[in-house]
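Participant:
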Amino acid sequence: MQHEATDLPMISVRGMSKLFGEFVALDRVDFDVSRGEKIVVLGPSGSGKSTLIRTLNRIEPHDIGTLNINGKLINEKTDPIQLRCMVGMVFQNYNLFPHLSVLENCILAPMRVKHMSRAEATALARRYLEQVGIPDQADKYPIQLSGGQQQRVAIARALCMQPQVMLFDEPTAALDPEAIVGVVSIMDELAEQGITTVCVTHEMAFSRRIADRIIFMDQGKIVEITPPETFFTTPQTDRAQNFLNQMLRY
Amino acid sequence: MISSFSLSPLMRCFRSVAALAGILVATAGLHGLALAEQAPSFVQNGVLTICTNPTLPPMTFVKGQDVSHPEGFDIDVAQALANRWRARLSVITMDFTGLFPSLSAQRCGLVMSGIIRTPAREKSFDAVTYQDTALVVVGRKGTPSLTSMDELAGKSIAVESGTSYITRLGLINDTLVAAGKPPMIIQQYPTEEQVVQQVLIGRVFAFVSQDVELFFRMRQLGDKLHVLITPDIPDYHHFAIYLRPNAADQTQLQSAISALETDGTLPALRSKWSVTDQSTKNGAANATSSSMFDWNAFFSALTSTAFLHGALITLSVALISHIIAITISVPIAIVLNSPQKSVLKIALEGYVSLFRAAPTLLQLLFIWNAVPQFFPIFREQWFTPFLATILALSVNESAYQVEINRAALSAVDPGQELGASALGLSRRDIYWRVIFPQAFRIALPPTINEFINLLKITSLASVISLQELLAVTQIQVARTFAFTEYYAAALVYYLVMVFFFLFLQKRVERRFAWSDRKKVVSNAA
């Protein structure tokens, strides 16, 4: 039954729209993401970047169009729990559970959703905490950690579900410059490991370094999809050119 | 009559034996009647249920520690009637103001509580006289006697609320005002012993009561009281048993009373309870000592089973009601917090507003006295004051708790739900593992506050005859007149219960170290 469909795109989006009442947040969006590909979504505020990324794990269900992940059609009939085992997500504000320790944050979903034993989940969590560079913080509560450390926990927590796709929704937007360096280096490392990644960010250097392709959005539409070299040197549209000018000015 | 004033202990002993013998003879005579009388319709399933407010000695009062078993002339008369009709006697005790509503709601067949026969009451109920009496105005010792009720103009008078004295004094006030004199200032108190206490402590000039009670009080209080005047008011000559209007029942009750009078039962009971004995010597209970705090009375109250039982009822009513309230209120709060509009939401909003708006006391009275008129199931035996109080308080409390829960749930960052669902957690896990633990911390202090409030609000349930801590206290005070000591004992019970829950709150809060950076650091240190 299961196709070993490595040639199929990991994510395939066709004519996808999302409405908030009258407001068109996403306007007939089309794109594919290959297995292991790193996509960075850029665009001015309110252009629909976050909405786009949230439709990919149906935290914001789309209204029109089709979404395929790993060859599966994703719609209202899809079991959201299965989908989210496949697609992990990291938020701007970390959204760690403050009443649970770092370790408990990491093992909650593996135990409750994937029914791992505590020992199994703990071993996994310790491995990922090691990977994000905070193995010694496992027994602390989130409130005791710095912003950068909290975001690392959030990344480890998402990785503990061993997803095939990772979504990052402006993961460094709430961090100070020093912390940004740490988190970005972890994301670099993840990128090297070949996990399919879709990331909304304003980190230009990071985007340029890791992105296989840039999706540039404006007013709910995808304006262009280009490799980073092309995007940062010779953007194909005036809107992208304006955006880059503004970003570089600051 | 006068000769019996100074009875020796031996004589008194003899007299009670004689009285007892009289009763035995009477009961034997009853059993001698071969054919059992057809019981009146208010005797249901072989049970004669009477409602009484046991704070009017010697008619109906609590003599010992056991609050659930009032004694007195009325209770014995009720027993004699029950024997006559081959029925079992069941006595429901409650506040005076609850008596007639309970009779209407068919919670009892008869009201027997030393109540005066008045035309006003006979408009709604049938009455049968069983004892002569007279209205008396009583003041402290040393107050000069009065020659006419007019001399009470401008004076303050204490009466028990719900009694017919209030209307009667109102009429006298009308004539006083018409004559250009200042009216009496009438103060109403829920229990008779509080009425008496107002005179003893000198707050009011006099109180109005019946002679039978006064005789008892005089024996109890020694010579602290003094009859100022015994006005001849025609309406106030008889105590009556009240029943729901029913001519056949009334006739039957009337003939039963007459029979008990002729066969000597009633006279024997009168002498047993000294209903007409004007002796003021030999305190029936321990004569209250001086104004000093009586530590013995305090400790005996504190360690009495009556108080412990009352406190347990208070505690269990509050605990059970609050647990039910919290269980109901959490789903309501979740629905009300959801952004979608729905009929359910509007209905629940109505529920919350209604029960937050209506006074708790009114809700208790409504459930106990009004609802049974529409749903007879609520006047059956299983629907006890305990259950009724829990029903009323849990519904009432759930409305308040909904607001606490709503605030607590809204205070949890919406990102928590987002983060949890992105991890694939089920709705159930999102609530139970992520949102509730955080909301719980926020809701805990106001919830404990509500609980403490609820613990104290249970005292309202004395109006529907729940024998909680304060009701027990009142009844015991009526027996002993040890106001300070018994109130202090009740206070100790309330304080112990409240402090225990405050302590519990502190212990639980200590487990919320995760919420406060400083706490975590200090714990780690």
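If you read the sequences in order, they're chains A and B.
Here the first sequence is numbered in our numbering, starting from 1 and rising by one per residue.
Here the second sequence is numbered in our numbering, starting from 1001 and rising by one per residue.
Backbone N, C-alpha and C define an ideal beta-carbon position, used for all residues, glycine too.
Keep in mind it's a predicted model, so treat the numbers as computed, not measured.
Please give the ranges of any alpha helix (DSSP H) in the region 1033-1092 of chain B, keeping only runs that are unbroken, at least 4 residues long and fully inside the region.
Facilitator: For the region 1033-1092 of chain B, the full-length alpha helix (DSSP H) segments reaching 4 residues or more read 1073-1084 along the chain.
Participant: Mind pulling the chain A residues with CB within less than 7 angstroms of residue 1445/B?
Facilitator: By Cβ distance, chain A contributes nothing, its closest Cβ being about 16 angstroms from residue 1445/B, past 7 angstroms.
Participant: Cβ of residue 1070/B within 8 angstroms of Cβ of residue 1137/B?
Facilitator: no
Participant: Measure the C-alpha to C-alpha separation of residue 1426/B and residue 1499/B and round it to an integer number of angstroms.
Facilitator: 39 angstroms
Participant: In angstroms, rounded to a whole number, what distance separates the CA positions of residue 43/A and residue 67/A?
Facilitator: 22 angstroms
Participant: Are the CB atoms of residue 1186/B and residue 1159/B nearer to each other than 8 angstroms?
Facilitator: Their beta carbons are under 8 angstroms apart, which means residue 1186/B touches residue 1159/B by this criterion.
Participant: Identify each residue in the region 1426-1438 of chain B for which the Cβ-Cβ distance to at least one residue of chain A is less than 8 angstroms, and report them in chain order.
Facilitator: 1426, 1429, 1433, 1434, 1437, 1438
Participant: What number of angstroms, rounded off, separates the C-alpha of residue 1324/B from the C-alpha of residue 1481/B?
Facilitator: 38 angstroms
Participant: Indicate whether the contact test is met: 3 or more Cβ pairs, each with one atom in the region 1452-1469 of chain B and one in the region 1316-1331 of chain B, closer than 8 angstroms.
Facilitator: yes
Participant: Does the region 32-42 of chain A come within contact of the region 196-215 of chain A, defined as at least 3 CB pairs closer than 8 angstroms?
Facilitator: Yes, since at least three Cβ pairs between the region 32-42 of chain A and the region 196-215 of chain A fall closer than 8 angstroms, the two stretches touch.
Participant: To the nearest angstrom, report how far apart residue 1332/B and residue 23/A are at their CA atoms.
Facilitator: 32 angstroms
Participant: Between which two residues does the alpha helix (DSSP H) harbouring residue 1358/B extend?
Facilitator: Run containing residue 1358/B: none; DSSP gives neither H nor E here.
Participant: Name the chain D residues that come within less than 9 angstroms of residue 1109/B, Cβ to Cβ?
Facilitator: The structure shown contains no chain D; the protein chains it does contain are A and B.
Participant: Which of the three DSSP states, helix, strand or coil, is assigned to residue 248/A?
Facilitator: The answer is helix: DSSP assigns residue 248/A an H, G or I state.
Participant: Going along the chain, which residues of its own chain have a beta-carbon closer than 7 angstroms to the beta-carbon of residue 251/A, five neighbours each way excluded?
Facilitator: It is not possible to answer for residue 251/A, since the shown part of chain A is limited to 1 through 250.
Participant: Could you tell me the boundaries of the alpha helix (DSSP H) in which residue 1208/B lies?
Facilitator: Here residue 1208/B belongs to no alpha helix (DSSP H); instead the beta strand (DSSP E) covers 1206-1210.
Participant: Pick helix, strand or coil for residue 137/A, following the three-state DSSP scheme.
Facilitator: Residue state, collapsed to three classes: helix.
Participant: So, helix, strand or coil for residue 1458/B, using DSSP?
Facilitator: helix
Participant: State the Cα-Cα distance for the pair residue 1415/B and residue 1464/B, rounded to the nearest angstrom.
Facilitator: 48 angstroms
Participant: Grouping DSSP H, G and I as helix and E and B as strand, with all else coil, what is residue 77/A?
Facilitator: coil
Participant: Does the count of Cβ pairs from the region 1074-1089 of chain B and the region 1252-1268 of chain B closer than 8 angstroms reach three?
Facilitator: yes
Participant: Please report the distance separating the alpha-carbon of residue 8/A from that of residue 70/A.
Facilitator: When the Cα atoms are used, residue 8/A and residue 70/A turn out to be separated by approximately 7 angstroms.
Participant: Using a 10 Å radius around the Cβ and a threshold of 16 neighbouring Cβ atoms, would you call residue 77/A buried or exposed?
Facilitator: exposed
Participant: Residue range of the beta strand (DSSP E) that residue 221/A falls in?
Facilitator: 221-226
Participant: Considering residue 68/A, what are the terminal residues of the beta strand (DSSP E) in which it resides?
Facilitator: 64-69
Participant: Report all residues from its chain with a CB closer than 8 angstroms to the CB of residue 117/A; omit the five preceding and five following residues, and keep chain order.
Facilitator: 111
Participant: Helix, strand or coil for residue 1187/B, going by three-state DSSP, please let me know.
Facilitator: strand
Participant: Please confirm whether residue 1416/B has its beta-carbon closer than 8 angstroms to some beta-carbon of chain A.
Facilitator: yes
Participant: Are the C-beta of residue 91/A and some C-beta of chain B separated by less than 8 angstroms?
Facilitator: yes
Participant: What do you get for residue 1339/B, buried or exposed, if any count of 16 or more other CB atoms within 10 angstroms of its CB means buried?
Facilitator: exposed
Participant: Count the other CB atoms, across all protein chains shown, that sit within 10 Å of the CB of residue 1382/B; report buried if there are 16 or more and exposed otherwise.
Facilitator: Residue 1382/B should be labelled exposed.
Participant: Verify the CB distance criterion: does residue 85/A have a CB-CB separation below 8 angstroms to chain B?
Facilitator: Chain B, which has a Cβ nearer than 8 angstroms to the Cβ of residue 85/A, makes this yes.
Participant: Hey, residue 187/A and residue 216/A: beta-carbon distance below 8 angstroms or not?
Facilitator: Against a cut-off of 8 angstroms, the Cβ pair of residue 216/A and residue 187/A comes out as no contact.
Participant: Taking residue 113/A as the query, report the chain B residues whose CB atoms sit under 9 angstroms from its CB, ordered along the chain.
Facilitator: 1423, 1424, 1425, 1426, 1429
Participant: Take residue 1352/B and list the residues in its own chain whose beta-carbon comes closer than 6 angstroms to its own, dropping the five residues that flank it on each side.
Facilitator: 1399, 1402
Participant: With DSSP collapsed to three states, give me the class of residue 1120/B.
Facilitator: helix
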